[in-house]
Every structure is written in structure tokens, then in C-alpha cells.
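Written below as C-alpha cells is the structure these notes are about.
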Amino acid sequence: MDFYLGLAQVIGIHTLLGLSAWCVLHTGQVSIAQGGFFAIGAYVAGMLTSMWGWPLGLALLTGAILSGVVAVAVGFPALRIKGLMLVVATTAFAEIVRLVFFNLTWRVQTPQGLVGPDGSLGFGGIRYFPGNGWTTLEVNFLIWFLVVVVMLFLGWLDRSRVGTLWRAVGEDELAAQSAGINLTAAKVSAFGVGGCIAGLAGGVFAHYATHIEHNNFGILLATFAIAYPIIGGLSSLAGTLLAVIFIQGFLLEGLRFLGDWRSLLFGALIVVVMLVRPSGFLRRSLGESFGRTRHA
Amino acid sequence: MLELQNLSRHFGGVKAVDQLELDVVQGEILGLIGPNGSGKSTTVNLITGVYQPTTGALRFKGQDIADLAPHQRTELGIARTFQNIRLFGHLTVWQNLWAARVVRERGWSGFRERWLSGAKAAREQAEELLVFGDLAHKRDHLAGNLAFGEQRRLELIRAAASGAELLLLDEPAAGMNAEEISDLDQRIRRLRDQGRTILLIEHHMELVMEVCDRVVVLNFGRKIAQGTPAQVQRDEAVRAAYLGADHHA
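First to last, the protein sequences are chains S and F. Numbered by this note's numbering, the letters in the first sequence go through residues 8 to 303 in order. Numbered by this note's numbering, the letters in the second sequence go through residues 5 to 253 in order.
Structure (C-alpha cells):
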């Protein structure tokens, strides 16, 4: 049972991460920066609770907002470029963030002793959950509560005009700007919302893991982040969730006996989805057959 | 309404548009014609801001628009259609119109309208345009699944949905049959009668001669003639441009 509760936590956190990439992919941008925003949220929220004793909710919120602000700041210059160059630029950003935390040493005296990021040794002692006697089940409730809240929020956003604008920009930038849509505003807003959600996911991850280090936030994490919505399809939020369950639950855990060959399967899966079902597992038509028409 | 002064756009050695002078008068249907490669589409791209002019000035309602981004020009009141249809294929017909609605209001209500809800007035206008474009029964269909003629109509009403006063129609009749063209003819007139100004770029001469108040003829990026359709048809330079220099007797 513990195994499944632990797995459910991972799936929840990765769903949040996948949803953050979902926003950005909507506008047709491929960003490798989601891992960086995730890292910022993780370190900020972790530091706030463990070093200065902030309440968890406030720490998560601060981490999310800060990640969003950084995303907007990075978005303005980065989103002037697109395609492969954007991938390169966002990869560089994610690496900068990782290396900043690799070099960050800032420890303060707390009742539990010296706590804080300790350079390459990582940042341990984020003991909010065990310190306050949370059970794994309760942590699960928190994570999945956040997943539901974020999904409801994004579902509402997708039906509101901003979702339509994001999709329009993702479909055809030239037509979008000719129709009077401000490309920069649409892309940066998607980047900002995505950054917030990634930061939230990171904050939760830090407290779930209790020990984080720069290695947690490498390119592999960013690859996962964009793989979920690509495999699950952009037309529905449930697609991202299903993709996370499939990849984390089945591909990585269920096929553990295959060892490192699983990574190969993961790569192959992306290629197969691109070839066979370019719009993802769940296609738009499925959403519509359930009577989903998105004008309010 | 729209003034192009000494406007040029060169691509390397190619003078796609060369020292073009053009006035679009409010309320008219102005035809812009010329053989393939004469600079018609480049002109549209200059007016809408897809290209920057090499030299020259662009004024819309007295305001210099040369430095404005494409979406800002649409905000001011210039909208276009594309020669090769460019709809938001995975959005519904309704969403295509909804996305194109330009919100000019500032402040909180402007923010709400722009990003969240869209105002009631905008919805009503979009409904009217759906009827106008004969697409009301297809409102929840994906734009990409529409028939060719329907896609053209949707692109036309999407341009109108922005609230633009000047519509640039880039070969709206391309690929249409005679019936669809006469339909288009009626729609262009009605758009004008609703107070819009039309710049029609077209190869289909019958439509141009039928619907336009005035025609400007381009060849090799330069204006070679302008006048009423009848005047232009009689023009020697125009005949030479279309039929080739050999016939210029």
C-alpha cells in the first residue's frame, strides 16, 4: 500500500509539472525551462518553511508566484524567438537555474540545527510534513487537492477568452496577429501561468522529498514535463494526467524489471505518438463528443 | 483613409514594390490588380506590417503606422484575409470570431473583456457576422473541417469581427466557382454598405470590374494606371502589361 501511496504522490506532482508545460505548449512554444521554474519553486518554498518556519500554504504560494514572475521576466526576451532557438534558450535558462542552486550555500540556525541549501551537498531538512506529523495519506490529499484546483483553474482558463487566444496563437501566429492578437502578451501570459504552476509543483516536491539537490532539476525533468502534454494531447487536461499515470506508473514502475531499458521505451513512446497520433492519446474530437463546446 | 507615399520594398535587387503612391478613400471599394509578381501581395504585407518598407511612408487616418506591430494596426482598424486561407483550424467557427474581436477598451472592464469573457456587444456582433457569413448553423464546427467556400467566408467575417474599418481582401475569389463569386460580390458590397472600406486584391477581372469603384493597376511593383474600371480596361499600358509587350502596338 505504501508503495502505491508513494507512487500517487509522484504522479500528482508530475501532473502539476505536465500541466505547466501544457499552458506553454498551447501557444505553440516548446519550453525546456519548466524544470527551472520547478526548481525555483522547490528551493524557495523549501527554504521558507525549513529556514524561517513559514506556514506551508504561504510558502507554496510564494514559491509559485516567484516562479511566475521569473517566467514572465524570462519570457519577454525568450519568446521573441521560436522553434529550435527557443528550445536552446530555455535549456540555457534551466541550466543557469540548476547551477545557481548547485552553488548556493545559505544555512541558518534553526531549532533543528543548521538548515539550508548546502551547495553540491543539496538542501536537506525540509521536514515540514514529518515535523508536523503528516501521514503519507494526508500528503496525498494535499497534492491531489492542488491537482484538482489547478485543473479546474486551467479548465476555466481554457474556456475563457485567454484560452482561445493561446490556441489561436499556437495554430497560426501570422493569422493571430492579423486578427489583432498581441503575440507577446499571449505567449508571456502562458509562460507566466505555466511558471506559477511549475513553481507550485516544485514547492510540493521539495516537501515530499525532504531533501533536494541540483540533480533533481536537470534536462530529464524538463523532458518529462513536455512529454506528458505531448503524449496526452493538448485538447484535454485529462490527457496530461493519463500520460503521467502511464509513464510514471506503468513505464517507469511497472516495467522496473527492464532496468535502464525503460528509458529507451520512453524515447520510443514519444516517437511513436508523434507518428501515430500527433494530437495525443486523447484527441479533440473525444472532448467534443462529450458535448464540450468551449464558447461560454 | 489610408495613404501610401513613395512606398518601396526591395528584396535584395528585386523591387517588389517601388515608389508606390496609393490613396484609399473612406467608403470605397478599391481594386488592386496586376499580373503575377506585380507586388500586390507585398503591398498588403506592407500595409498590415508583415514586412517593413525599405523607404516611404504609411498613414492610416492621418497617423503614421510604419512602426506599428501587425496587431496594433488591426487595433487601429486594418484587417485582412489571406490568399492561402489561414484560419485557426482547430478552433470552432465561433472561436475564430471570438479570438479576432479586438478589445480597444482600457482598464478593468477592458482587461476582463480581452482576457476573460468578451463583452455582450462583442457576442452580438459575432452572432450577426455568423448570419452574414451564412455560417450560423456551423458555429460549433471546427474551422479546419469546413468546406473551402465556407472557410473563405469565415476568413472574411473573421476580418470583419476585429471591428476594422478597412478590410484588405487578398484574392478572396481564388478557387471559387461562378456562384460563389457572385455571392462574394454581394457580401463585399454589403460590408461596404455597413460603413467599411475595402481594398480588393484580385485576379478575377469580372469581379473586380463589377464591384470596384476604382481600380489601381500594378506592374513590376509600380503603379501603371488607375481610374474607374472602365477607364482602366481601355488603358494601353494595362493591356500591354496583361497581354505582353508584343501587343503594345
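We put the CB at the ideal spot given by N, CA and C, even for glycine.
| query | result |
| --- | --- |
| N- and C-terminal bounds of the alpha helix (DSSP H) containing F:L95 | From DSSP, F:L95 is part of no alpha helix (DSSP H); its letter is neither H nor E. |
| Assigned exposure category for S:S127 - 16 Cβ within 10 Å defines buried | exposed |
| Test item: CB-CB of S:V37 and S:I238 under 8 angstroms | no |
| The segment 52-75 of chain F: positions lying closer than 9 angstroms to chain S by Cβ | T52, G53, V54, A73, P74, H75 |
| Residues in the segment 59-80 of chain S having any Cβ partner in chain F nearer than 9 angstroms | none |
| F:L160 beta carbon less than 8 angstroms from that of F:T85 | yes |
| The segment 105-116 of chain F in contact with the segment 216-224 of chain S per 3-pair CB rule at 8 angstroms | no |
| F:V221 to F:A151 span [Cα, whole Å] | 32 angstroms |
| Whole beta strand (DSSP E) elements within the segment 166-205 of chain S, 3-residue minimum | none |
| Inter-residue spacing [alpha-carbon to alpha-carbon] between F:E175 and F:V242 | 19 angstroms |
| Closer than 9 angstroms at the beta carbon, the chain S residues around F:G93 | E178, D179 |
| Stretch pair the segment 27-35 of chain S + the segment 181-201 of chain S: three plus CB contacts closer than 8 angstroms | yes |
| CB contact below 8 angstroms: S:G294 versus chain F | Residue placement at S:G294 is poorly supported in this model, since its pLDDT is 39, which falls under 50; the coordinates still yield a value, given next. Output row for S:G294: interface = no. |
| Own chain, CB closer than 6 angstroms to F:D239, minus 5 neighbours either side, in chain order | A229 |
| Coarse secondary structure for F:E175, derived from DSSP in three states | coil |
| Cutoff 8 angstroms: F:E169 Cβ touching any chain S Cβ | no |
| At least 3 beta-carbon pairs within less than 8 angstroms: the segment 71-85 of chain S vs the segment 34-51 of chain S | yes |
| Distance between beta carbons of F:W98 and F:A61, contact taken as under 8 angstroms | With a Cβ gap of about 39 angstroms, F:A61 and F:W98 do not count as contacting. |
| Euclidean distance between Cα positions of S:V17 and S:R114 | 28 angstroms |
| At least 3 beta-carbon pairs within less than 8 angstroms: the segment 240-258 of chain S vs the segment 78-93 of chain S | no |
| 8 angstroms Cβ cutoff, S:T247 in contact with chain F | no |
| Residue-chain proximity (S:T300, chain F), Cβ-Cβ < 8 angstroms | In this prediction, S:T300 scores a pLDDT of 41, lower than 50, which makes its location untrustworthy; no coordinate-derived value is stated. |
| First through last residue of the alpha helix (DSSP H) which encompasses S:G42 | 41-59 |
| Residue burial classification, S:Q119 (beta-carbon count within 10 angstroms, cutoff 16) | exposed |
| Below-8 angstroms beta-carbon distance, F:S166 vs any chain S residue | yes |
| Below-8 angstroms beta-carbon distance, S:G187 vs any chain F residue | yes |
| Proximity to F:Q23 [Cα-Cα], best of F:V236, F:P233, F:R226, F:G231 | F:R226 |
| Contacting residues, own chain, Cβ-Cβ under 7 angstroms from F:N21 (five flanking each side not counted) | According to the sequence shown, residue 21 of chain F is Val rather than Asn. Counting only Cβ-Cβ distances below 7 angstroms, and skipping sequence neighbours, we find L11, S12, R13, G43, T46, T47, L50, G225. |
| DSSP three-state assignment for F:A61, whether helix, strand or coil | strand |
| Supposed contact pair F:I205 and F:R196 - C-beta distance, whole angstroms, cut 8 angstroms | Between F:I205 and F:R196 the Cβ distance is about 16 angstroms, and since that is not below 8 angstroms, they are no contact. |
| Nearest-angstrom Cα separation, counted from F:A163 out to S:L12 | 53 angstroms |
| Beta-carbon contacts of S:R291 that lie in its chain and below 6 angstroms, excluding the five residues immediately before and after | Because S:R291 carries a pLDDT of 48, less than 50, the predicted location of this residue cannot be relied on, and the following value inherits that uncertainty. Answer for S:R291: S242, listed in chain order. |
| Chain S within 8 angstroms of F:A140, Cβ atoms only | no |
| 6 angstroms CB neighbourhood of S:T143 in its chain, flanking five on each side removed | L12 |
| Cβ contact (3+ pairs, closer than 8 angstroms) linking the segment 176-191 of chain F and the segment 138-157 of chain F | yes |
| 7 angstroms Cβ shell around S:L228 - same chain, five flanking residues per side excluded | G42, F45 |
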